[in-house]
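Written below as structure tokens is the structure these notes are about.
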Amino acid sequence: MSQSRLTELTWRQVRRAGERGIALLPVGSQEQHAGHLPMGTDTLLVEEVVDRALDLLDREVPGSPESAELPVPEIVRLPALPFGHSPHHLFAAAVSLSAATLGAVLDDVLDSLVTSGYHRIMVVNGHGGNDEIMRLAVKRFALRARVTVAACSYWTLTAGEDEAGRPDVTPGHAGWFETSLMLAAHPGLVRTPVPARTPVEPPPLFDHPPHPGLTVERHGEWERVDGSTDDASGADADRGGRLLDDRARGLARAIRAFDAASR
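Have a look at this one:
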């Protein structure tokens, strides 16, 4: 098997896998997602993309263009870290780690993996509030440990083969993109019908900065927009499935590229 779950391995298997394999850590969150999506949306979606990507790698035919004549990477999948940095969602409900705590948790997990024999680690994120913290943790860790570490947020890795998306609202929060993905992956957890979102004026500055290149945050914006960035009422399960597959193909290719570059 090219992939296994850390939770199901013995310690000797973990050690052996660390010699050549890649440890893969999904990171999510528990936070409000408007009135129609569950708290664990980000965790559920990053796990779905990871699972689909690993399934694609397992089904690759040796000698195909996807395989690039290389063996399928050996992946050890860690349990998803279910908590992230979500203080901006506490106006409604969230289980949030501070930026310092999340950075320390990631540092401890990475340190544990290296001590357990791993030399290559990949972190796949499912929540926008984690992105900068995750990337900083990876950069800092590689400065002090003999390890090669990669980090990404799943929505950024596309195969570029599907026109189902809407870049103007991707990834958004509790909007069209995430709702479409959840309708495809976990339809029973989406409260339907999804109500139309009342237009908000002026649009929130965190999503519509007044000048390109600016990051702008204004107090109370998330509560003012009722916890979502865009209208999700037109979300579609078919397009969501295509978007999940596109991200899974992108992640599978990224894993292969990381494997080839870090051997």
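Take the sequence shown: its letters are residues 7 to 269, numbered as in the numbering used here. C-beta atoms are modelled at their ideal positions from N, C-alpha and C, and glycine is treated no differently.
Asked, Found
"Which residues in the same chain have their Cβ closer than 8 Å to the Cβ of V222, if we skip the five residues on either side of it in sequence?", "L211, F212, P215, P216"
"With DSSP as the reference, label Q19 as helix, strand or coil.", "helix"
"List the DSSP bridge partners of I28.", "I81"
"Grouping DSSP H, G and I as helix and E and B as strand, with all else coil, what is V129?", "strand"
"Quick check on the DSSP output: the alpha helix (DSSP H) that includes S186 runs from which residue to which?", "182-191"
"Between which two residues does the alpha helix (DSSP H) harbouring R11 extend?", "Note, R11: premise wrong, no alpha helix (DSSP H); beta strand (DSSP E) at 9-11."
"Does DSSP put S102 in a helix, in a strand, or in coil?", "strand"
"Can you give me the C-alpha to C-alpha distance between V78 and L63, rounded to a whole angstrom?", "7 Å"
"Based on the DSSP output, what are the partners of L87 in its beta bridges?", "V33"
"For V175, collect the residues of the same chain with a Cβ closer than 6 Å to its Cβ; drop the 5 residues on either side in sequence, then sort them by chain order.", "G181, W182, F183, D236"
"Looking at C-alpha atoms only, which residue of P44, F97, I28 is the closest neighbour of Y124?", "I28"
"Alpha carbons only, please: which of E227, S35, V206 is nearest the one belonging to L51?", "S35"
"Mind checking whether D48 and H133 have CB atoms under 8 Å apart?", "yes"
"Would a C-beta distance cut-off of 8 Å place F97 and E207 closer than the cut-off?", "no"
"Would H133 pass as an interface residue toward chain D - the criterion being a Cβ-Cβ separation below 8 Å?", "Within the model displayed, chain D is absent; a lone protein chain is all it includes."
"Could you say which of Y160, L189, S234, A202 lies nearest to R255 if we only look at CA atoms?", "Y160"
"Using the DSSP secondary-structure output, state which residues sit across from L43 in a beta bridge.", "H39"
"Going by alpha carbons, who is nearest to V111 out of V33, H225, E14, G240?", "V33"
"Check for me: the alpha helix (DSSP H) holding S122 runs from which residue to which?", "It is not in any alpha helix (DSSP H) - S122 carries neither H nor E in the DSSP assignment."
"Give the DSSP-derived three-state secondary structure of A243 in the structure shown.", "helix"
"When burial is assigned at 16 or more other CB atoms within 10 Å of the CB, is A267 buried or exposed?", "exposed"
"Should H225 be labelled buried (16 or more other beta-carbon atoms within 10 Å of its own) or exposed?", "exposed"
"When the Cα atoms are used, what is the spatial distance from L84 to A143?", "17 Å"
"Taking the alpha carbon of S239 as the reference point, which residue from A40, R245, V200 has its own alpha carbon closest?", "V200"
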